[in-house]
Amino acid sequence: MAEEAIFREEAYAKVNLFLDVIRKREDGYHDIGTLFQTIDLHDTLEARVRRDGVLALECDRPATERPEQDLVYRAAAALRDRALRAGVPGADALGADLRLTKRLPSGAGLGGGSADAAAALRLLNRAWGLGFGSAELEETGAALGADVPFLVRGGTALASGIGDRLERGVPAPADCALLVATPLASVPTAKAYAGVAPAGAGRWNDFSALWRKGGLSAAMTGHLLYNAFEKGVCAQYPEIAEMRAELAETGPLGTLLSGSGASLFALYSDEEAARRALEGLRCERRFGAVARFLPETPLDGSGIV
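What follows is the structure in structure tokens.
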């Protein structure tokens, strides 16, 4: 492949259609039960291959940290390290000029940073011609963040542990539209966890069994769309509670916090209803969009520009 070629990959956001905190572990982390689902909102990552071992990253938003601390850079370095351990010829000279175009809000429960890291793994696996499969990329991503292994392929997956034990092959959600909105608030993950008590596995077991049988329609019928963080987050952040209440008044199929916040999403039977709701949304927000559910992302990417 010509080194001057530019490779591109979309970094798709996720929502949690269910999320419960099951127990606190001895290592300080929490075991959760969640249903991950990717949606068609995304950042874009581009790369030009280098053969001098240099990794360079630029972003269209002002950096809040050194490039070496960014998840995209760390993903690139981790993938190169894996290639070195695997004995790939010339792995020590693998490099890239990376450019990230951000559209997703940061710290919003949509997995933006993790999605960018997963996109970097897919993109450079292809651009460098490494040929690693999804298992290798997911294992590499696990060291970067709990959501990264899922976001390597995306689609629909039940997840347990810290979110890294994935069950695929479960029913995808019914075709419907989402309104995704992020108020001006930002919710630190540690603060969100401080406001929720571990509930054990009962609700998670009920939900996952119901989802395996019938997907979204079964879960909605059983009133089991749920986010354990929602009550505490809404109590601490009135702007999130206000937006949730406003969304509930638009007649959605359901409304839920995504991740530990601050983003909310509402489900509608069609895109027009979602767009009307977005246009009428009065609450101040730093992000708002209409989206659709996505199937798994193929590892062969979207090609060369």
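Residue numbers are given in this note's numbering: position 218 of the sequence shown equals residue 220, and the series is strictly consecutive. Note that the Cβ used here is the ideal one computed from N, Cα and C, for glycine as well.
Measure the CB-CB distance between V172 and W206 and report whether it falls below 7 Å.
Against a cut-off of 7 Å, the Cβ pair of W206 and V172 comes out as no contact.
Would L160 and L21 qualify as a contact pair, given that the criterion is a beta-carbon distance under 7 Å?
Their beta carbons are not under 7 Å apart, which means L160 does not touch L21 by this criterion.
Leaving out the 5 sequence neighbours to the left and right, which residues in its chain are closer than 6 Å to D99 when beta-carbon positions are compared?
Result list for D99: R50, A58, in chain order.
Roughly how many angstroms lie between the CA atoms of A268 and E6, to the nearest whole one?
Looking at the two C-alpha atoms, the distance is approximately 43 Å.
I think R277 touches D42, with their Cβ atoms under 8 Å apart; what is that distance to the nearest whole Å?
About 14 Å; that fails the 8 Å criterion.
Excluding the 5 residues flanking S136 on each side, which residues of the same chain have their C-beta closer than 8 Å to its C-beta?
Counting only Cβ-Cβ distances below 8 Å, and skipping sequence neighbours, we find V154, R155, L301.
Would D62 be called buried (16 or more neighbouring beta carbons within 10 Å of its own) or exposed?
Burial call: exposed.
Where in the segment 117 to 199 do unbroken runs of the alpha helix (DSSP H), each at least 4 residues long, occur, reported from the N-terminal end onward?
Correct list: 136 to 144, 150 to 155, 191 to 196.
Looking only at C-alpha atoms, which of R246, L19, G256 sits nearest to R284?
Comparing Cα positions, the closest option is R246.
How would you write the range of the beta strand (DSSP E) that V23 sits in, first residue to last?
Its beta strand (DSSP E) spans residues 8 to 26.
Using 8 Å for Cβ pairs, my map puts L181 next to E286. What's the rounded Cβ distance?
That belief does not hold up - the Cβ atoms of L181 and E286 are roughly 16 Å apart, past 8 Å.
With DSSP as the reference, identify every bridge partner of N229, one or two as the case may be.
Per DSSP, L21.
Assuming the contact rule is C-beta atoms closer than 8 Å, G143 and L123 should be a hit. Round their C-beta distance to whole Å, please.
Going by Cβ atoms, the distance from G143 to L123 rounds to 6 Å, so yes, they are a contact pair.
Throw me the rounded Cβ distance for the T184 and S265 pair, which I believe falls under 8 Å.
That belief holds up - the Cβ atoms of T184 and S265 are roughly 4 Å apart, short of 8 Å.
With a 10 Å radius around its C-beta and 16 neighbouring C-beta atoms as the bar for buried, classify L2 as buried or exposed.
Examination of residue 2 is not possible in this model, given that the chain is present from 3 through 307 alone.
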